[in-house]
Structures are given as C-alpha cells and as structure tokens.
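For what it's worth, my numbering labels the leading residue of the sequence shown as 1011, then goes sequentially.
Glycine included, C-beta positions come from ideal geometry on N, C-alpha and C.
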Amino acid sequence: ATNDVFHDEVTTRSVWTIAMTCSDVVTCTGTVTSDAGWTANISTTNGEYLVKRELPNWEPCADGRLFTGHQRYQFYPVDQSAGFWPGSQTFAGFDRTSGDSGNCSINERLEIELPFRLQKLN
C-alpha cells in the first residue's frame, strides 16, 4: 500500500533565464532566474539538468508551525515521444517538492511531484 493520492494541481507558467558555463562537454553549472521572482543554481551532467531551491514556510502544520520545502526540478531534452534527444528545444521531467520527515510531528515527509515541461524560446 502507498500513500500516493492524486490532487488536480494548478498549472503554473513562468519564463526562466538560464546562464551557464561548462567545464567540459558534459558538465555545466549556472543560474536560473524566474520571472516568478526567484533565482537558483542549475547544473547539468550528461544532458540531465537539475535545479534545487528552498521554499520557506512551504509546509503548514495544524499547530501553526511552518516548515521549509525542498524543491527539485529535474529534466532533460526530449523528442516528441519524450525520449532523450540531445539538442532538442523541448525539455521534460518533474518538479518535486518535499518536506522533511518529522515535520508536523509526522514520521513521513510530505512530497508533491508534478510533471515538468520547459520550452526554449530563442
């Protein structure tokens, strides 16, 4: 048995500006700036991109306490059938945010995972 429960979450859209430098042909690092008002580090290894950021006060508890969420975008370039395709202008993956086990005095972590799509504009 699992605790997986489907919730119909709101689709969000934003424009990211990504600046990266590469140390070799497969390893790059840089910064993502979103028009939603946040900035985070981005890295890529072998074509898979990773963005991590902290979300203060993300998990509310019944007693009024609030805990930080750990957001992780993980994505890669894809073809029309979502297969790995280096050089593609379309990227797919997931947006996963989780709290820590023990938050709100519950020995399980809250985790929300959403499908993620990124389209290069220019």
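Tell me, please, which residues DSSP counts as bridged to residue i.
| i | result |
| --- | --- |
| Phe1077 | Glu1069 |
| Thr1039 | Thr1031, Ser1053 |
| Gln1129 | Thr1100 |
| Glu1118 | In the DSSP output, where bridge partners are listed per residue, Glu1118 has none listed. |
| Trp1048 | Its beta-bridge partners do not exist; DSSP assigns none. |
| Arg1063 | Gln1081 |
| Phe1094 | Val1088 |
Note the first and the last residue of the continuous beta strand (DSSP E) segment covering residue i.
| i | result |
| --- | --- |
| Ala1102 | 1100 to 1108 |
Nearest to residue i by alpha carbon, out of the options?
| i | options | result |
| --- | --- | --- |
| Thr1027 | Ala1046, Asp1014, Val1015 | Ala1046 |
| Ser1098 | Val1088, Asp1105, Leu1131, Thr1107 | Val1088 |
| Cys1071 | Ala1050, Thr1100, Gly1112 | Gly1112 |
| Arg1106 | Thr1055, Cys1032, Leu1120 | Leu1120 |
| Thr1055 | Cys1032, Leu1076, Thr1049 | Cys1032 |
Where does residue i land, buried or exposed, given buried means 16+ other C-beta within 10 angstroms?
| i | result |
| --- | --- |
| Gln1129 | exposed |
| Gly1074 | exposed |
| Glu1123 | exposed |
| Phe1101 | buried |
| Val1015 | exposed |
| Gly1103 | buried |
Measuring CB to CB, does residue i end up less than 7 Å from residue j?
| i | j | result |
| --- | --- | --- |
| Val1036 | Ile1052 | no |
| Gly1057 | Tyr1083 | no |
Please confirm if residue i has its CB atom under 7 Å from at least one CB of chain D.
| i | result |
| --- | --- |
| Leu1060 | No chain D appears in this structure, which consists of one protein chain only. |
Should residue i be counted as a contact of the ligand NAP given a C-beta to heavy atom distance under 6 Å?
| i | result |
| --- | --- |
| Trp1095 | Absence of the ligand NAP is noted for the structure shown, with no ligands found whatsoever. |
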